[in-house]
Each structure stands twice: as structure tokens, then as C-alpha cells.
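Let me begin by presenting the structure, written as C-alpha cells, before commenting on it.
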Amino acid sequence: MEQRGARDYTLWSIAILLVVMFALIPVLWLVSVSLKTPEAVTDGRFIPADISFDNYKSLFEGGIDESPFIKPLINSIVIALITTVIAITLAAFTAYAIARLEFPGKRVILAGALAIAMFPPISTVGPLFDMWRALGLYDTYLGLIIPYLTFSLPLAIYVLVAFFREIPWELEQAAQVDGATPFQAFTKVIVPLAAPGVFTAAILVFIFCWNDFLFAISLTSSDASRTVPAALAFFTGESSFTQPTGSIAAAAVVVTIPIIVFVLFFQRRIVAGLTAGAVKG
Amino acid sequence: MAEIVLDGISKVFDDGFEAVKDMNLDIADGEFMILVGPSGCGKSTALRMIAGLEDISSGELKIGGETVNDRSPKDRDIAMVFQTYALYPHMTVRENMGFALKLAGADKEEINEKVEEAARTLDLEQHLDRRPANLSGGQRQRVAMGRAIVREPKAFLMDEPLSNLDAKLRVQMRTEVAKLQSKLETTTVYVTHDQTEAMTLGDRVAVMRAGVLQQVGSPAELYDNPVNLFVAGFIGSPAMNFMPGEISGDKLKLPIGEVDLGSLGDLGGGRKDGPVVAGIRPENFEDVEVVGDLKDERGITFEAEIDLVESLGSDLYAYFHIESAGVQSDQLADIVEESLDETGAGEIREGHEQIVARLDPTSKVRRREHAQLWADTAKLHLFDPENGDSLKAKSGSS
Numbered sequence: 001m002e003q004r005g006a007r008d009y010t011l012w013s014i015a016i017l018l019v020v021m022f023a024l025i026p027v028l029w030l031v032s033v034s035l036k037t038p039e040a041v042t043d044g045r046f047i048p049a050d051i052s053f054d055n056y057k058s059l060f061e062g063g064i065d066e067s068p069f070i071k072p073l074i075n076s077i078v079i080a081l082i083t084t085v086i087a088i089t090l091a092a093f094t095a096y097a098i099a100r101l102e103f104p105g106k107r108v109i110l111a112g113a114l115a116i117a118m119f120p121p122i123s124t125v126g127p128l129f130d131m132w133r134a135l136g137l138y139d140t141y142l143g144l145i146i147p148y149l150t151f152s153l154p155l156a157i158y159v160l161v162a163f164f165r166e167i168p169w170e171l172e173q174a175a176q177v178d179g180a181t182p183f184q185a186f187t188k189v190i191v192p193l194a195a196p197g198v199f200t201a202a203i204l205v206f207i208f209c210w211n212d213f214l215f216a217i218s219l220t221s222s223d224a225s226r227t228v229p230a231a232l233a234f235f236t237g238e239s240s241f242t243q244p245t246g247s248i249a250a251a252a253v254v255v256t257i258p259i260i261v262f263v264l265f266f267q268r269r270i271v272a273g274l275t276a277g278a279v280k281g
Numbered sequence: 001m002a003e004i005v006l007d008g009i010s011k012v013f014d015d016g017f018e019a020v021k022d023m024n025l026d027i028a029d030g031e032f033m034i035l036v037g038p039s040g041c042g043k044s045t046a047l048r049m050i051a052g053l054e055d056i057s058s059g060e061l062k063i064g065g066e067t068v069n070d071r072s073p074k075d076r077d078i079a080m081v082f083q084t085y086a087l088y089p090h091m092t093v094r095e096n097m098g099f100a101l102k103l104a105g106a107d108k109e110e111i112n113e114k115v116e117e118a119a120r121t122l123d124l125e126q127h128l129d130r131r132p133a134n135l136s137g138g139q140r141q142r143v144a145m146g147r148a149i150v151r152e153p154k155a156f157l158m159d160e161p162l163s164n165l166d167a168k169l170r171v172q173m174r175t176e177v178a179k180l181q182s183k184l185e186t187t188t189v190y191v192t193h194d195q196t197e198a199m200t201l202g203d204r205v206a207v208m209r210a211g212v213l214q215q216v217g218s219p220a221e222l223y224d225n226p227v228n229l230f231v232a233g234f235i236g237s238p239a240m241n242f243m244p245g246e247i248s249g250d251k252l253k254l255p256i257g258e259v260d261l262g263s264l265g266d267l268g269g270g271r272k273d274g275p276v277v278a279g280i281r282p283e284n285f286e287d288v289e290v291v292g293d294l295k296d297e298r299g300i301t302f303e304a305e306i307d308l309v310e311s312l313g314s315d316l317y318a319y320f321h322i323e324s325a326g327v328q329s330d331q332l333a334d335i336v337e338e339s340l341d342e343t344g345a346g347e348i349r350e351g352h353e354q355i356v357a358r359l360d361p362t363s364k365v366r367r368r369e370h371a372q373l374w375a376d377t378a379k380l381h382l383f384d385p386e387n388g389d390s391l392k393a394k395s396g397s398s
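For the protein sequence lines, the chains are E and A, in the order given.
Start counting the first sequence at 1; every next residue gets the next number (the numbering used here).
Start counting the second sequence at 1; every next residue gets the next number (the numbering used here).
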């Protein structure tokens, strides 16, 4: 038995190692390229011969007016945060109603949300482009926030419904008997317990907005609202003959950092089973 | 402090299932009322209607003289202890117990004082700043009780509060609940499926079956004068033994012998020729050797082959069987399902009726031997085989 356990352990370790390598090597490669000088980009070395931070410096050179990166970074953060806050607030109320109440049309709402989530975004880009230009939403924050909400809300609703269903209904009833209004029961008992779910949904929505390229490239035309993924496509080299590989890599590394921070920060809350001890078990 | 009155309360669920049918029950101020019955009998639904967690389909519910049908739970001034305790996992014990007072807008000092007083009563003082996840089952149960008593509500509602505890702790907490209730003198409605809990705890017990209230009375009343087969079989452990009988003239024919009807007391209008169901409790049997002179005065003596003997020291249970076609009744079928789950009672053989007798521990009966047993027929219960009603009990006992 023990031998088999040890062998299983080894096999699992190798499998996990392979998966981690598969996921991490491109990221490390990106970091490596971002640290190379323009001449060394094509040298094929995994570890750069000379480490240079010029690519990073060039991203932020010239402050907010000159840099091709700072304004898009701000756009990305603001748009993603606004979308996340709105999506999570709306989704929390929707999901709570779906998880707790019986009302006609409940299935339709869930099915509709799922259908929207599966809808190919590319097919909406053309009409949106025309509509946004007519409405004056083209190249504005709102012009991006609206389609992001459309596609992230279903996701958030699905995640939150699953979490709300896990919370013992009796807790809410206990709160009601203790003298809470339905709203108090929701905010003082259900929301704190659903926190891990809320953070999970928030992270997913944030990452969705942060990573989007399609809407960002189609519905923006200037630094007024262009987000980082779209801005990267407009990077230029030092002259028209040099490829901006190094600075694109550096920018990619920089935009990955907030996501990593976000996930690490909330990881503990997501993993910690806050509902432990509510009921017997 | 308040009395609770259920006047013709019914509950019909959306799918048409009628969980509680026309229930009338007066619970006096300070009374400890137990609702008992097998699972699915509507006892929990009845409690949840009192709490306001289920809508009342028809009828009137009064707490403290006021009709509360349309009041939300928070406006009924009642406290509830849930089977799963439903403690708020993100709050400490102190916060859990003080939550209701905080919602009611009490100031901090008052909350602290009351929480600490309740914690002293329940021996929870050293756990006040821990979270429910770090408490044992018994401690969680006490926190749930504490959360209820801190508020000094008009009534306590308890939904199987002890069923998640292990057997030993359950007995211990049972005593504590009883002590607590008699100390606080708060009207309490307590739901359980465990007839032992019902018998030991309550001032009065209400037995329910399939949404219908069967009988309300003190534990002794239910035990001595069950109104029908269901109550007779449900109350008491081990359960009452049933056997088919036949009345002809002034004799009652039983598989164990013949009895003079005159010795059974007043049968009221039930004295007709025809089949009956006879019930006799295990303790109404005795070993002939032990019983002495009493056997000459009354009862029947018969011979039985003992299948099994269980000696508990203080008591001795002898299992034997009688030849009979068995007793068929929906009312009993409900109980048998439950008790089989709980005790895994012996196999039921076709054409045999298993009988349990509680004998004096000095009895010399042996397994697989024939023994002379005596049955005290003065304690015999007779039921109508059609509707299960008792032929003996005074009608309308409550």
C-alpha cells in the first residue's frame, strides 16, 4: 500500500510539474524577452546575456502625455473596475432572487443569461460600432463598459447563484426570526457569507474586462479610452525598422502584475470556507 | 410571555400538498408543548407557521391575544432554535447571541450584560469570543439556545433542537432544556419525532399524523388513554403490542386466550360483536412464577415459546410470537416504518405476530423454551379495526 502511495505521489508530481511548466514557460519567456536589448531579442537565449530595463523605462517615458502606455493603463484600470462594481452589484441581487425565490420567468432569465454568455462577441462588434458612432458612445469609457457588462453579467450571475445556493437558507430564517428585515438579513448575514463567491465573481469579471482585445480595438480610436491590450497593437519601435518586441513584452509583463496581485490578495478569502460551522458538520 | 392559539390552521403548499389540516391547539402561557409525530406529519410546518416562516393558508393564529397571521417573523417577538442551529458562522458567539438585540437597537452595554447573563446560564462564558466553527456540537446547541433566551421573547419555538447530538449528549441536553424552560417560564413549542423526548419534556404533548392532530394531553394521558391505534403505537417504548381479537357476546377472543368483557371496564358504545384490535403494553405481561396471587384475580395465563430474551439488568424483555393473521392498519404502518429505522426490530414473519413482554428481572424464562406468561387484561386497549379509534377512551380528551 505504502509503495503504491509513493508511486502515485511521484506520478502526480510529474504530471503537475508538466502542466505548470506548460503554463509558465511562455510567461517566463515573455519576462526574458522584456529584459533583453533590441539586438538580443532574436538570440534565442532563455536567460538574457545582458539584463536591461530599457524596455520598461521606455513604457513610462515622457509621463502621461508622451508615453504610449500610461494613459491606456489608466483606461484599463478604470474601465475594468467600474464594470466589476456594476456587474457584481447587479449580479448579487439577481443571483439572490434566483437562488431564493420562486417567480415566473426564473428559468427564462437563467437560460437568457447563458445564451448571452455563449453569443459570439465578434458578431456584435459591427452593429455596436455603427450604433455607438450614432449615439456618440464611440471611443468613450461607457462605450466599452456596456458591452463588457453584457458579457460579464451572465458569468457573474452564474457564479453567484452557485454560491448563494450553498448558504443554508435557515441562516436567513434565523436572522428574520431574530428581527431582521429581508434587506438586513441579506446585507448582514448573506452577503458576508457569500463574500468568497462575490470575490471569485469579481476576479472573473475583472480579468474578462482586463484581457478583452476585440471590443477595445473595435470601439476605440484614441488614447481617450483605448485600453492596454489594444494599445499594445499600436506600439512602435525606436525607428520604423525596429520591431517593438521588447516593449510589447515589457508592457505585457506590467499588465499581468495587477491580475496576479488581485488574485493573490483575494485567494485566501476565496479558499477559506467561510460557511464552515454554520450548521452541524 | 403569552399564550399561543391555533384556530383551524391549515397549510396547503403550492403543489397542492396539504401539510397541516384544520389544526386547533391552545398553548397556555408558560406551557411546554411538544409536537410529536413521524417524519412528514406536518409538525415542523405547524411550527414554522407559528414562527411566520410559512404562510398560513387558512385559519387564525394568535400570539398573546393578537392575530399575527400577516405579521412577518420579526414582528412576532418569538425566538426559534433550528435543528441545524443556524448559527451565523461569520460572527463570534457573543455576536451571535447579541444579534437580535443589536437589530432591535439596544445599546452596547445592555447587549453585553444580557449576553453574559445568558452565557452564565448556559455555561458558555469562556467561549464568548470564539466562532461557531470552533465549537463542539453540544456547545453550538447551547449557543443556539442562548441566542433564543437573550431576547426574552414571548415564546420559544424549537425544531428538533437535539436531534443532531449524539445519544448521550442528547439525554443530558434534554434535562437542561427542561430545567431552562421551567426556570424561564416562557411559552415553548417543541417539535420532535422522538417520543421519548416528547414524554419526558412536555407539560402536554400533541401527537400528529399526516397533517392531522390526533390527540393532545399530558404524557400520562397519552400513555394510558390513547384515542386511536396510531397514538397507542407511537407513544411508549418498546411499543404497544397489537393482536387481532373478536367480540362475541360478553367474551373477547384473543390469540392468547379468552377474556370476560366485563373485566375490561367501560366500553361505551363500542360493545358490538365483531372483530377488534387489542393492544397491550409490554409491561402488562408478567412471568406467572413472579406474578403471585394477582393471576387468580384477573388476566389470562397462557403458554408461549420464547424467541429471544434481552436482559437489561433492571428489566427483562422477552420476545415471543403468536399465531395470527396480523393486524392491518394504515395508522400502524406509519409507525412500523419509523420504528424499523430506529430499532431494526426483529423480522416480521407471515402469519406470526411478534410480541414483546417486559418481565421482572428475576424471571427464569429462557430462549427457545416454553414459558407460562400472564397478561393483565385490565390494562387491555381495544380499537376499532376500521378507523383505529379506541373503544375505551373518553372522547374529546385534551
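Here a beta-carbon is modelled for each residue, glycine too, at the ideal position from N, C-alpha and C.
Query	Result
Within this structure, are the beta carbons of A:F234 and A:Q195 separated by less than 8 Å?	yes
Between the stretch 80-91 of chain A and chain E, which residues of the former have a C-beta closer than 7 Å to a C-beta of the latter?	M80, F82, T84, Y85, A86, L87, Y88, P89, H90
Which one or two residues does DSSP pair with A:T67 in a beta bridge?	A:K62
Just by C-beta distance, which residues in the stretch 51-69 of chain A are closer than 7 Å to chain E?	A51, L53
Do A:I322 and A:R366 have their beta-carbon atoms positioned less than 8 Å apart in this structure?	no
Give a yes or no on whether the minimum CB-CB distance between E:P168 and chain A is below 8 Å.	yes
For A:F82, name the three-state secondary structure that DSSP assigns.	coil
With a Cβ-Cβ cutoff of 8 Å, do A:R131 and A:P161 count as a contact?	no
Should E:T37 be flagged as near chain A, meaning a C-beta pair shorter than 8 Å?	no
Determine the chain E residues that contact A:P414 at a beta-carbon separation under 7 Å, and present them in chain order.	For residue 414 of chain A there is no data in the structure shown, the boundaries of chain A being 1 and 398.
Determine the burial state of A:D341: buried for a count of at least 16 other Cβ atoms within 10 Å of its Cβ, exposed for fewer.	Because the pLDDT of A:D341 is 45, which lies under 50, any placement of that residue in the model is unreliable, and the question is left without a value.
Closest Cβ-Cβ distance between A:I322 and chain E: below 8 Å?	no
Just grab the DSSP bridge partners of A:D287 for me.	A:L373
When the Cα atoms are used, what is the spatial distance from A:V227 to A:M208?	12 Å
Whole angstroms is fine: what's the gap from E:P104's alpha carbon to E:A95's?	15 Å
Between the C-alpha atoms of E:R133 and E:P192, what's the straight-line distance to the nearest angstrom?	42 Å
Anything in the stretch 193-222 of chain E with a Cβ closer than 9 Å to a Cβ of chain A? List those residues in chain order, please.	L193, A195
Is any beta-carbon of chain A found at less than 8 Å from that of E:Q243?	no
If you run the structure through DSSP and keep just helix, strand and coil, what is A:G388?	coil
So that I know if they touch, is there some Cβ in chain E lying closer than 8 Å to that of A:L340?	Bear in mind that the predicted position of A:L340 carries a pLDDT of just 46, short of 50, making it unreliable; the figure below should be weighed with that in mind. No, because no Cβ of chain E sits closer than 8 Å to the Cβ of A:L340.
Tell me the start and end of each unbroken alpha helix (DSSP H) in the stretch 47-116 of chain E that is at least 4 residues and wholly inside, in chain order.	54-60, 63-66, 70-100
Would you kindly report the start and end of the unbroken beta strand (DSSP E) that includes A:T187?	187-192
So, for A:N284: in the same chain, excluding its five sequence neighbours on each side, which residues have a beta-carbon less than 7 Å away from its beta-carbon?	A375, D376, K379
Is it buried or exposed for E:Y9, if we count other Cβ within 10 angstroms and need 16 for buried?	exposed
Roughly how many whole angstroms lie between the Cα atoms of A:F32 and A:R48?	17 Å
Going by Cα to Cα distance, which pick from A:E54, A:E3, A:D26, A:I4 is closest to A:V12?	A:E54
Short of 8 Å in beta carbon distance, which residues of its chain neighbour A:S263, apart from the five on each side in sequence? Order them along the chain.	R298, T377, A378
Taking A:F99 as the query, report the chain E residues whose CB atoms sit under 7 Å from its CB, ordered along the chain.	D178
Please list the terminal residues of the continuous beta strand (DSSP E) segment that includes A:I280.	274-280
Going by DSSP, what residue range makes up the alpha helix (DSSP H) through A:L87?	Element bounds for A:L87: n/a, residue is neither H nor E.
Exposed or buried, what is A:Q331 when buried is set at 16 or more other beta-carbons lying within 10 Å of its beta-carbon?	buried
Would you call E:L160 buried or exposed, if buried means 16 or more other Cβ atoms sit within 10 Å of its Cβ?	buried
Using C-beta distances below 7 Å, list every residue in its chain close to A:T200, excluding the 5 sequence neighbours before and after it, in chain order.	R174
E:V189 versus chain A: which residues are under 7 Å apart at the beta carbon?	Y88
Would you report the Cα separation of E:A99 and A:D7, rounded to the nearest angstrom?	34 Å
By Cβ distance below 7 Å, which residues in the same chain neighbour E:A180 in space, the five residues on each side in sequence not counted?	K188
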